Amino acid sequence: MKNILLACSSGMSTSLLVNKMKESAASKGIEVNIWAVAQDKAPTEIEKADVLLIGPQMRFMKKKFSVVAEKAGVPLDIIDPMAYGRVDGEAVLNKALELIGE
Amino acid sequence: MNKFMEVLENILLPIADKLNNNKYLTALRDGFMVSLPLIIFGSIFVVLANLPFLDKLIGEEAFATYQTALGPASAATLSIMGLFVIIGIGYKLTEQYGLEAIYGGAAALASFLILTPQVLEGVAGVIPTVSLGAQGMFLGIITAFVSAELYRFFTQKNWTIKMPPGVPDAVSKSFSALIPITLTLSLFLIIRIIFSYTPFETIQNFIYTIIQQPLTTLGSGLPATIVAVLLIQVFWFFGLHGQIIVNSVFDPIWYTLNDENLQAFQAGLELPNVVTKQFIDTFLVGMGGTGMTLAVIILIFMIGRSRQLKELGKLGAPAGIFNVNEPIIFGLPIVMNPLVLIPWIIAPVVITIITYIAMSTGIVPKPAGIIVPWTTPPLISGFLATGNAWQGAVLQAFNLMVVMVIWWPFLKILDKNYYEKEKSSNK
Numbered sequence: 001m002k003n004i005l006l007a008c009s010s011g012m013s014t015s016l017l018v019n020k021m022k023e024s025a026a027s028k029g030i031e032v033n034i035w036a037v038a039q040d041k042a043p044t045e046i047e048k049a050d051v052l053l054i055g056p057q058m059r060f061m062k063k064k065f066s067v068v069a070e071k072a073g074v075p076l077d078i079i080d081p082m083a084y085g086r087v088d089g090e091a092v093l094n095k096a097l098e099l100i101g102e
Numbered sequence: 001m002n003k004f005m006e007v008l009e010n011i012l013l014p015i016a017d018k019l020n021n022n023k024y025l026t027a028l029r030d031g032f033m034v035s036l037p038l039i040i041f042g043s044i045f046v047v048l049a050n051l052p053f054l055d056k057l058i059g060e061e062a063f064a065t066y067q068t069a070l071g072p073a074s075a076a077t078l079s080i081m082g083l084f085v086i087i088g089i090g091y092k093l094t095e096q097y098g099l100e101a102i103y104g105g106a107a108a109l110a111s112f113l114i115l116t117p118q119v120l121e122g123v124a125g126v127i128p129t130v131s132l133g134a135q136g137m138f139l140g141i142i143t144a145f146v147s148a149e150l151y152r153f154f155t156q157k158n159w160t161i162k163m164p165p166g167v168p169d170a171v172s173k174s175f176s177a178l179i180p181i182t183l184t185l186s187l188f189l190i191i192r193i194i195f196s197y198t199p200f201e202t203i204q205n206f207i208y209t210i211i212q213q214p215l216t217t218l219g220s221g222l223p224a225t226i227v228a229v230l231l232i233q234v235f236w237f238f239g240l241h242g243q244i245i246v247n248s249v250f251d252p253i254w255y256t257l258n259d260e261n262l263q264a265f266q267a268g269l270e271l272p273n274v275v276t277k278q279f280i281d282t283f284l285v286g287m288g289g290t291g292m293t294l295a296v297i298i299l300i301f302m303i304g305r306s307r308q309l310k311e312l313g314k315l316g317a318p319a320g321i322f323n324v325n326e327p328i329i330f331g332l333p334i335v336m337n338p339l340v341l342i343p344w345i346i347a348p349v350v351i352t353i354i355t356y357i358a359m360s361t362g363i364v365p366k367p368a369g370i371i372v373p374w375t376t377p378p379l380i381s382g383f384l385a386t387g388n389a390w391q392g393a394v395l396q397a398f399n400l401m402v403v404m405v406i407w408w409p410f411l412k413i414l415d416k417n418y419y420e421k422e423k424s425s426n427k
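So the sequences go chain by chain: A and B.
The first sequence begins at 1 in the UniProt record's numbering and counts up by one.
The second sequence begins at 1 in the UniProt record's numbering and counts up by one.
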């Protein structure tokens, strides 16, 4: 089971992506747990995650999140803006799995 | 053009980073978040208490009883929202320092109450609720910052009472907060006493006159509002979340103006402010998201020929109705797209001016101080925000059409570009 955490300002727009990612994972037969949170919840939720992905509109928070992510030993990256705009679940899922190291 | 944008992004990114990582602004934003569920609860009951035509339906007297019965819902939340913001800020700031946050919240509240007048029209033992709402907002915010800082300072000085080992954790914790809180609150008591010897009499009065009134007067004006709107649009153009950056500065002003209107609305007086939290959230953001992109989605359905835009329209519409528009912003794309820069910047400014004029001339009622969640679909949100006035919904519909007209030529060009690219790649 892979735990993928997404974060944006209020967890609204990333939750659009969550559904698409789940669909993509299901079609590939990968067991995942994907959820989206508001940015202020990310530091606590990260404990349960294997990877943290941030919405591109919050990329200025990367520095702040890197500190907590490093402490939790969780890789983090910013979601590609194009994939974000297209709500491309598969691309983001692949990116997440790549970061986890599968 | 690309070079210019690169330069601008290199300026904006650090600003966004600074503003967003500033511990006070973070505490302020998260503190307002704490109060949000409460003030939305209060707002629901203000809406219910002011349902249109109900007084005609059930009679004046029954309607008055009905309103009185619902009154406490908003009186205990929305009208005194300052209290919750203060607790939230005190808590969140103390939490950032890794200290027992609830003491920070409680200390902030007590500090604020120490500074608050406890007499009303000669009656002692009374706290005027206006001091806990709009009027006390700025003092509350400042007090929460200062008290949390003092609490941290005194705690880290380690002048705490040390308990011998074996004393239960909770017991020693309650004592460990004793000295920092005593010192913090004593300082606020001294501040209160000092101010009682000034012409201002209370620090509430002082902050209100010196800081709050000038700032809210400035913030309620059209020029400052246009500046805020422009900043939000520019940040988003570079794909940065404009509101999370700009609102942390403007929210105290917008919420204060909002609460002033609420007080007037509930007292049946003329509403003082056009620009409030709802002016922004309902009439600018609440039209499909930042930049009023619901208009863009409708236009795509009307004139879109390229597959790319049609797909985007279908993808963006369901979320767009609830004012979530990241698919449009990153998918159209609006981010870094010089072709849409003009409508992206111009449309919100035009709508700000139209809405401002419509409300200040009285054609459309001003926002009634009800907090409508920003995810409420347009038309419904305009109706609710103006205190159940149909004119609010009509204004939103009118604005939507204005935005469509502004976007039309630009979207047409964009669509043509995509269409031709698709055609040539199919050959």
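The beta-carbon is built from N, C-alpha and C at its ideal position, and this holds for glycine as well.
Just so we're clear, the structure is a prediction, and the values are computed from it rather than from any experiment.
Cβ-based neighbour list, residue i, same chain, cut-off 8 Å, excluding 5 preceding and 5 following
i: Ile380/B; result: Ala393
i: Glu95/B; result: Ala101 and Gly104
i: Ile303/B; result: Trp408, Leu411, Lys412 and Asp415
i: Phe200/B; result: Phe206 and Thr209
i: residue 451/B; result: Residue 451/B is absent from the structure shown; chain B starts at 1 and stops at 427.
7 Å Cβ cutoff, residue i in contact with chain B
i: Val87/A; result: yes
i: Met12/A; result: yes
i: Leu5/A; result: no
i: Ser66/A; result: no
i: Pro75/A; result: no
i: residue 191/A; result: For chain A, the structure presents residues 1 to 102; residue 191/A sits outside this window and is missing.
i: Ser9/A; result: yes
i: Pro81/A; result: yes
i: Leu53/A; result: no
i: Leu16/A; result: yes
Residues near residue i in its chain [Cβ-Cβ closer than 7 Å; skip 5 each side]
i: Gly140/B; result: Gly82, Val85, Ile86 and Phe112
i: Thr217/B; result: none
i: residue 428/B; result: What is shown of chain B runs 1 to 427, which leaves residue 428/B out entirely.
i: Ala358/B; result: Val364 and Leu395
i: Ile346/B; result: Ile406
i: residue 448/B; result: Nothing about residue 448/B can be read from this structure; chain B reaches only from 1 to 427.
Residue i at chain D interface by Cβ criterion, 7 Å
i: Pro56/A; result: Protein chains in the displayed structure are A and B, and chain D is not among them.
Best match in the options for proximity to residue i [C-alpha to C-alpha]
i: Ala134/B; options: Pro252/B, Arg305/B, Leu185/B and Thr386/B; result: Pro252/B
i: Val67/A; options: Arg86/A, Leu5/A, Ile46/A and Pro81/A; result: Ile46/A
i: Lys2/A; options: Asp88/A, Asp40/A, Met12/A and Leu52/A; result: Leu52/A
i: Ile100/A; options: Val92/A, Val74/A, Gly85/A and Ile79/A; result: Val74/A
i: Ile40/B; options: Ile58/B, Thr68/B and Ile80/B; result: Ile80/B
i: Lys71/A; options: Glu23/A, Asn94/A and Asp50/A; result: Asp50/A
i: Ala83/A; options: Val92/A, Asp77/A and Leu76/A; result: Val92/A
i: Phe330/B; options: Gln57/A, Met61/A, Asn94/A and Ser27/A; result: Gln57/A
i: Leu19/B; options: Ile342/B, Ala389/B, Leu284/B and Ile245/B; result: Ile245/B
i: Phe265/B; options: Gly369/B, Gln391/B, Ala385/B and Phe195/B; result: Gly369/B
i: Pro14/B; options: Phe65/A, Arg59/A, Ile79/A and Lys95/A; result: Arg59/A
i: Phe383/B; options: Asn50/B, Pro272/B and Arg29/B; result: Asn50/B
i: Ser220/B; options: Tyr255/B, Gln204/B and Arg192/B; result: Tyr255/B
i: Arg152/B; options: Asn323/B, Glu6/B, Lys92/B and Glu260/B; result: Lys92/B
i: Val402/B; options: Arg192/B, Val130/B, Pro165/B and Ile298/B; result: Ile298/B
i: Pro223/B; options: Thr352/B, Asn10/B and Gln67/B; result: Thr352/B
i: Ile114/B; options: Leu284/B, Phe188/B and Gln156/B; result: Phe188/B
Beta carbon proximity, residue i to chain A, threshold 7 Å
i: Gly239/B; result: yes
i: Glu326/B; result: yes
i: Asn247/B; result: no
i: Ala106/B; result: no
i: Leu315/B; result: yes
i: Pro333/B; result: yes
i: Phe32/B; result: no
i: Asp17/B; result: yes
i: Ile102/B; result: no
i: Leu13/B; result: yes
i: Phe145/B; result: no
i: Ile244/B; result: yes
DSSP bridge partner residues for residue i (one or two, in chain order)
i: Ala124/B; result: Val119/B
Chain-order list of residues whose beta-carbon lies under 6 Å from that of residue i (same chain, five-residue window excluded)
i: Lys20/A; result: Val87 and Gly89
i: Ala7/A; result: Val37, Gln39, Ala42 and Ile54
i: Leu150/B; result: Thr184
i: Thr198/B; result: none
Check: residue i C-beta below 6 Å from any heavy atom of the ligand MG
i: Leu54/B; result: This structure does not include the ligand MG; it has no bound ligands of any sort.
Open item on the list: Report the start-end ranges of each beta strand (DSSP E) in the UniProt domain "PTS EIIB type-3" (1-102) of chain A that is 3 residues or longer and not cut off at the edges.
Closed with: Runs of the beta strand (DSSP E) spanning 3 or more residues and lying entirely within the UniProt domain "PTS EIIB type-3" (1-102) of chain A occur at 2-8, 32-38, 51-54 and 76-78, in chain order.
TODO: Kindly provide the ranges of any alpha helix (DSSP H) runs that are 4 or more residues long and lie completely inside the stretch 10-73 of chain B, ordered along the chain.
DONE: The qualifying runs are 23-49 and 54-58.
Task: Segments assigned alpha helix (DSSP H), at least 4 residues, entirely inside the stretch 265-320 of chain B - done: Runs of alpha helix (DSSP H) with 4 or more residues, each lying fully within the stretch 265-320 of chain B, are found at 277-280 and 294-303, listed in chain order.
- [ ] Enumerate, from N- to C-terminal direction, the unbroken alpha helix (DSSP H) stretches of 4 or more residues contained entirely within the stretch 176-254 of chain B.
- [x] Taken in chain order, the unbroken stretches of alpha helix (DSSP H) that lie wholly in the stretch 176-254 of chain B and span 4 residues or more are 178-196, 203-207, 213-219 and 222-237.
TODO: Mind listing, in chain order, the continuous alpha helix (DSSP H) runs of no fewer than 4 residues lying wholly within the stretch 91-170 of chain B?
DONE: Secondary structure remark: continuous alpha helix (DSSP H) runs of at least 4 residues inside the stretch 91-170 of chain B, in chain order: 101-115, 129-132 and 137-156.
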